[in-house]
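Worksheet: the structure to be examined is printed underneath.
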Amino acid sequence: MMVPVRCFTCGTVVGEHWEEFDERANEGDEDPQEVLDELGVDRYCCRRMLVSHTDLVDVVSPYQ
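All you need for our numbering is the position in the sequence shown, starting with 1, plus 92.
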């Protein structure tokens with residue numbers, strides 16, 4: 093799994109929020125906007141980075 097470490101636009105570290113965001117928003121039933129608000133991610137670019145991230149490692153390299 094590849095975790096987004098920094099926001100591409102502003103350079104803020106977003107990797108520290110990824111696991112909790114992924115568990116609560118992507119795998120749970122919570123609204124991603126509310127999760128990001130609770131995590132304190134305020135900038136639009138950082139929010140976009142977390143919401144739009146798709147893990148492609150299994151797709152790109154299916155042979156392990």
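C-beta: ideal position from N, C-alpha, C; glycine also. Predicted, not measured: the structure shown is a model, and the values here were computed from it.
Contacting residues, own chain, Cβ-Cβ under 6 Å from P124 (five flanking each side not counted): Excluding positions up to five away in sequence, the list reads A117 and V143.
Since T104 contacts R135 with CB under 8 Å, what's their CB separation in whole angstroms? 7 Å
Please state the DSSP three-state secondary structure of R139. helix
For H109 and E130, the rounded distance between their alpha carbons: Going by the C-alpha atoms only, they are around 11 Å apart.
Just mark C102 as buried or exposed, buried being the case when its beta carbon has 16 or more other beta carbons within 10 Å. exposed
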